[in-house]
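Below: one structure, written as structure tokens.
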Amino acid sequence: MFRLTHDPDGQKNGRSRPWRVRHTVYHGIVYAVSQFAAKPTLQECFGAVDERLEQLTSWLRPRLGRFDIAPASADASFRRYFRVQSPSGTFIAMDAPPPQEDCRPFVHVAERFAKIGLHVPELVDRNLEQGFLLMSDLGDVQYGSALGSDTVDRLYSDAMDALLTLQCGERDEREFPPYDKALLSRELSLFDEWLLSRHLGLDLTPSDRQSLATCYEILCQAALSQPRVWVHRDFHSRNLMVVSERNPGVLDFQDAVVGPVTYDLVSLLRDCYVRWPSARVYDWMESHRKGLLSRGVAAVGDAAEFRRWFDLMGIQRHLKASGIFARLYHRDGKPGYLLDLPRTVGYIAEVAQSYRELEPLASLVQSQVQPRLERAVSCAR
């Protein structure tokens, strides 16, 4: 990983530009650059021109003076995150190129979530026109790397407490877009378009398509019948940070909506990136339902109904996620998410087979989708 240092004293000491490179290793490639030199090109640091990084460092310079900047993470969108270390502290800088991304939803949700008590990054500075944000650093320990048999109950307890904070109390539904049928349906179409058709090459019969459409309608109606709460919409182990106070730190919340009460819960407990025994998942689910009841959400009083909501919401999410993972590979050139497809599709098959009305979906996944995924994985090996 490279680290680029802005060193204002470089000019005072006669160096042509105030930059030096401390580490120039990126994606396994080591670049030889003198310690004090003219500002290194992005070809030297990245192997390619990176105008956005140039613009970001120029924006940070008058705010921070001397600083180190290094990649912190990237996500499934066009956003990138950099860790910035300066004498005044450590920060995270977001690069969200305006043609593809809009920082305003992130800022809006961050301010609303912070106001109700969620631990989200504090916004330090912003340039919405350029697509840059500077915010507090919640560290680099994701739930995904910290979860284990000896930590999961404590970490999930903290996460579900945060969910109760998000879901309960006076919440203005006008703050965020509705998770309505149109959005639910668009998400489900990703499974057909990107996983079934583009990734697996499946040509469904008209009968199969009608059966899937009937199952999708059942999933949408189950989601729309639930109590409506504020929804993070990507509440899982890669977007939760382990922090020493007010755990967890919550990230990647810019797509928040008002929608089904079980959505974030099933995102957490049936995580696309980590799997737990079904009995344990249902125990955590029931604990959260009782937490909602204790906070005055009386509409979740029927345990069997809540479990059905939870199960069917999970199927809808995993259908969407499967399509997104395939799209990230084919459209965006990000193959890493393909490794999570078998787990994600496995959730669909496992849960759908428990509901007679979803038998056509379970049958399709088990007879056509999973075998093709298994062959693809075998070929990749």
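In this text, residue positions in the sequence shown follow the working numbering: the first is 1022, and each later residue adds one. Just so it is clear, CB atoms sit at the ideal spot from N, CA and C, and this is done for glycine as well. Source: prediction; values computed, not measured.
In the three-state reduction of the DSSP assignment, residue 1081 falls in the helix class. Within its own chain, the residues whose Cβ lies closer than 6 Å to the Cβ of residue 1342, once the five positions on either side in sequence are excluded, are 1293, 1365, listed in chain order. The three-state secondary structure of residue 1297, taken from DSSP, is coil. With respect to the C-alpha of residue 1251, the residue from 1266, 1282, 1223 having the closest C-alpha is 1282. The Cβ atoms of residue 1284 and residue 1254 sit closer than 8 Å to each other. Along the length of the segment 1243–1287, whole beta strand (DSSP E) runs at least 3 residues long occupy 1249–1252, 1278–1281, reported in chain order.
Relative to residue 1106, the option among 1119, 1088, 1120 whose CA is nearest is 1088.
A distance below 6 Å between beta-carbons, with the five flanking residues on each side excluded, links residue 1327 to the following residues of its chain, in chain order: 1310, 1321. With distances taken between CA atoms, residue 1379 lies nearest to 1333 out of 1333, 1344, 1353.
In this structure residue 1174 is exposed. Its beta-carbon is surrounded by fewer than 16 other beta-carbon atoms within 10 angstroms. With respect to the 8 Å criterion, residue 1287 and residue 1134 are not classified as neighbours on the basis of their beta carbons. For the segment 1282–1366, the full-length alpha helix (DSSP H) segments reaching 4 residues or more read 1284–1290, 1299–1315, 1324–1351 along the chain.
Here the segment 1139–1155 lies against the segment 1260–1269, with 3 or more beta-carbon pairs under 8 Å apart. In this chain, the alpha helix (DSSP H) harbouring residue 1128 covers 1124–1137. Secondary structure at residue 1149: coil, using DSSP grouped into helix, strand and coil. Residue pairing by DSSP places residue 1113 opposite 1104, 1156 in a beta bridge. Residue 1308 is classed as exposed because its beta carbon has fewer than 16 other beta carbons within 10 Å across all chains shown. In this structure, residue 1080 places its C-beta atom within 8 Å of the C-beta atom of residue 1153. A straight-line Cα-Cα distance of about 23 Å links residue 1260 and residue 1149.
Excluding the 5 residues flanking it on each side, residue 1181 has same chain C-beta neighbours closer than 8 Å at 1286, 1289, 1305, 1308, 1309, 1312, in chain order. When the beta-carbon positions are compared, residue 1223 and residue 1374 stay at least 8 Å from each other.
DSSP places residue 1376 outside any alpha helix (DSSP H), giving it a letter other than H or E. When secondary structure is reduced to three states using DSSP, residue 1176 falls in the helix class. Annotated as distal: residue 1071 and residue 1104, with beta-carbon spacing of 8 Å or more.
Sorting 1146, 1136, 1198 by C-alpha distance to the C-alpha of residue 1280 places 1198 at the top.
In this chain, the alpha helix (DSSP H) harbouring residue 1164 covers 1164–1167. Counting along the chain, the unbroken alpha helix (DSSP H) around residue 1208 starts and ends at 1202–1211.
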